[in-house]
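Asker:
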Amino acid sequence: MAFFSFLNNTFLKMTWLNELVGKLVSDVFNISLESQLGASLQFFIYDVIKIFILLSVLIFTVSYIQSYFPPERTRKILGRYKGFTANLLGALLGTVTPFCSCSSIPLFIGFTSAGLPIGVTFSFLISSPLVDLASVILLASIFNWRIALAYVVVGVFLAVISGTIISKLKMEDQVASFIYKNSGMPELELEELTFRDRIETSIAGVKEIVQKVWLYVLIGVGIGALIHNVIPESFITAVLGVDKWYSVPLATLVGVPMYADIFGTLPIAEALVSKGVGIGTALSFMMAVTALSLPSIVMLKKVVKNKLLAVFIGLVVTGIIIIGLLFNQFAFYLI
Amino acid sequence: MIIKILGSGCNNCVRLEANARKAAEELGITAEFVKVKDMADIAAYGVMRTPGLVVDEKVVSFGKVLSPEDIKPLIVK
Chain A
0 MAFFSFLNNT FLKMTWLNEL VGKLVSDVFN ISLESQLGAS LQFFIYDVIK
50 IFILLSVLIF TVSYIQSYFP PERTRKILGR YKGFTANLLG ALLGTVTPFC
100 SCSSIPLFIG FTSAGLPIGV TFSFLISSPL VDLASVILLA SIFNWRIALA
150 YVVVGVFLAV ISGTIISKLK MEDQVASFIY KNSGMPELEL EELTFRDRIE
200 TSIAGVKEIV QKVWLYVLIG VGIGALIHNV IPESFITAVL GVDKWYSVPL
250 ATLVGVPMYA DIFGTLPIAE ALVSKGVGIG TALSFMMAVT ALSLPSIVML
300 KKVVKNKLLA VFIGLVVTGI IIIGLLFNQF AFYLI
Chain B
0 MIIKILGSGC NNCVRLEANA RKAAEELGIT AEFVKVKDMA DIAAYGVMRT
50 PGLVVDEKVV SFGKVLSPED IKPLIVK
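So the protein lines, in turn, are chains A and B.
Position one of the first sequence corresponds to residue 0 (numbering that gives the first Met the number 0), numbered consecutively onward.
Position one of the second sequence corresponds to residue 0 (numbering that gives the first Met the number 0), numbered consecutively onward.
#1: Tell me whether the region 102–113 of chain A and the region 54–66 of chain A touch, counting them as touching only if at least three CB pairs, one residue from each stretch, are closer than 8 Å.
#2: Counting only Cβ pairs nearer than 7 Å, list the residues of chain B close to I104 (chain A).
#3: Which residue marks the beginning of the alpha helix (DSSP H) containing V209 (chain A), and which one marks its end?
#4: Within 9 Å (strictly less), CB to CB, does A19 (chain B) reach chain A?
#5: Excluding the 5 residues flanking F3 (chain A) on each side, which residues of the same chain have their C-beta closer than 8 Å to its C-beta?
#6: With a cut-off of 8 Å on the beta carbons, I'd call I44 (chain A) and V20 (chain A) a contact; round off their distance for me.
#7: Does S246 (chain A) come out as helix, strand or coil in the three-state DSSP assignment?
#8: Using a Cβ cut-off of 9 Å, which residues of the region 296–324 of chain A contact any Cβ in chain B, in chain order?
#9: Taking the CB atoms as reference points, tell me whether M285 (chain A) and I320 (chain A) lie closer together than 9 Å.
#10: If I measure Cβ to Cβ from V212 (chain A) and keep anything under 6 Å in the same chain, skipping five residues before and after, which residues do I get?
#11: Specify the secondary structure class of G21 (chain A) as computed by DSSP and reduced to three states.
#12: Can you tell me the Cβ-Cβ gap for I74 (chain B) and V54 (chain B), rounded? I've got them flagged as a contact below 8 Å.
#13: Tell me, to the nearest whole angstrom, how far the beta carbon of I235 (chain A) is from that of V276 (chain A); I am working on the premise that it is less than 8 Å.
#14: Give the DSSP-derived three-state secondary structure of F352 (chain A) in the structure shown.
#15: Using a C-beta to C-beta distance shorter than 7 Å, which residues of chain A count as neighbours of V58 (chain B)?
#16: Only counting the same chain, and skipping five residues up and downstream in sequence, which positions put a Cβ closer than 7 Å to that of G8 (chain B)?
#17: Indicate whether at least one CB of chain B lies closer than 9 Å to the CB of R195 (chain A).
#18: What do you get for P70 (chain A), buried or exposed, if any count of 16 or more other CB atoms within 10 angstroms of its CB means buried?
#19: Indicate whether at least one CB of chain B lies closer than 9 Å to the CB of F110 (chain A).
#20: Which residues bound the alpha helix (DSSP H) around K3 (chain B)?
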């Protein structure tokens, strides 16, 4: 156990880095760590370096695993199962299939026109951005393993339940009509990847994601540093404190339209929790930001009709609020 | 030769098109470049991951940005 916590502190939490940055701020910059500026600087520099190190290592590993699960293969696997099993597999495969929001529409069309039930496709579309392997490790780094595991379980659960309900509602007619016209969509042959191909893809993946998210990370950590050290705790707990029943719905509704990356939202969630905001409230905010965003809703609207879109948003929002309330209620088991 | 770039206009599609143009230029091939941005049209090619590269109506690559060197063998007839 001591060995595990040593590994955890060294590689995940990087406590040594925090101390190093603390020395840099106090000895080189000559700013006291007790001061607002010093503490903010320490948090900012430490968090930015830590997130970029973890991000690079994680994206590399995750891209490597993902190279075994292209969406073409996922579609084939899912086609063999029915009912609840298909929804569960859809949600689980969503966590390992490479996914970028700009591909969500061709993916939706590809799955649907191949005859996969809409509910299964939605299970996949919900879990894919929400429960990303890299984000789970980051959650473990910032909070702890219990919270990270609980996050995976509720995320997959949300994806399975929402997809199952959409299946039960029989909404196949709620899909834009051109999709079924594509039912003769050609199945492309997948090339065999060599070890070198996979390594190259993984390195390209790291570059691409770092390019895409670095700004969100800087902004996220910046806001986190402000919350940490400048904005008074009394102000934050007055609005988002655990004792306020509306804190979870409020955090969720604020998060829904926002488009940001999970790596950018984690430092904000971290800072909020350190200021007395409930872990459930912070997680609701994070889940809402990653699962739904205005751009993704606008894109989805091109392929599904309003009723299905409303059901999808309604289910996800309700689910996130319930999850947040539960996490706040049972936080003492997790922290 | 008609070379189509499938993609909604994201960064990767722009890079892929630039690489394809470079490959064609270096080989001395005159090709017509077409951008396919409509999602339904992209899906009709069977492509679920953008950007996609289509040479004379045949999908030759999808889901990655090929370098000019990788594109060359795909457009040489």
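Beta carbons: idealized from backbone N, C-alpha and C, even for Gly.
As the structure is a computational prediction, the values presented were derived from the model and not from experiment.
Answerer: According to the structure shown:
#1: Judged by Cβ distances under 8 Å, the region 102–113 of chain A makes no contact with the region 54–66 of chain A, as fewer than three pairs qualify.
#2: Listed along the chain, the chain B residues whose CB falls inside 7 Å of the CB of I104 (chain A) are M38.
#3: For V209 (chain A), the enclosing alpha helix (DSSP H) stretches over residues F194 to N228.
#4: Taking CB atoms only, A19 (chain B) has no neighbour in chain A less than 9 Å away.
#5: Result list for F3 (chain A): empty, nothing under 8 Å.
#6: Confirmed, Cβ separation roughly 5 Å.
#7: Three-state DSSP puts S246 (chain A) in a helix.
#8: In summary, the residues of the region 296–324 of chain A whose CB is separated from some CB of chain B by less than 9 Å are M298, K301 and V302, in the order they occur in the chain.
#9: No, these two residues do not count as a Cβ contact at 9 Å.
#10: By the criterion of a C-beta distance shorter than 6 Å, V212 (chain A) is surrounded in its chain by D260 and F262, once the five residues flanking it on both sides are discounted.
#11: DSSP places G21 (chain A) within a helical segment (H, G or I) once states are collapsed to three.
#12: Cβ-Cβ separation between I74 (chain B) and V54 (chain B): approximately 6 Å, consistent with a contact (criterion under 8 Å).
#13: Going by Cβ atoms, the distance from I235 (chain A) to V276 (chain A) rounds to 6 Å, so yes, they are a contact pair.
#14: Chain A is shown from 0 up to 334; residue 352 (chain A) falls before or after that span and cannot be answered.
#15: Residues of chain A passing the Cβ test: L187.
#16: Take G8 (chain B), set aside five residues on each side of it, and the residues of its chain with a beta-carbon closer than 7 Å to its own are K36, in chain order.
#17: Any Cβ of chain B closer than 9 Å to the Cβ of R195 (chain A) would place that residue at the interface, and such an atom is absent.
#18: Buried, since its Cβ has 16 or more Cβ neighbours within 10 Å.
#19: Yes, contact with chain B.
#20: From DSSP, K3 (chain B) is part of no alpha helix (DSSP H) but of the beta strand (DSSP E) over I1 to L5.
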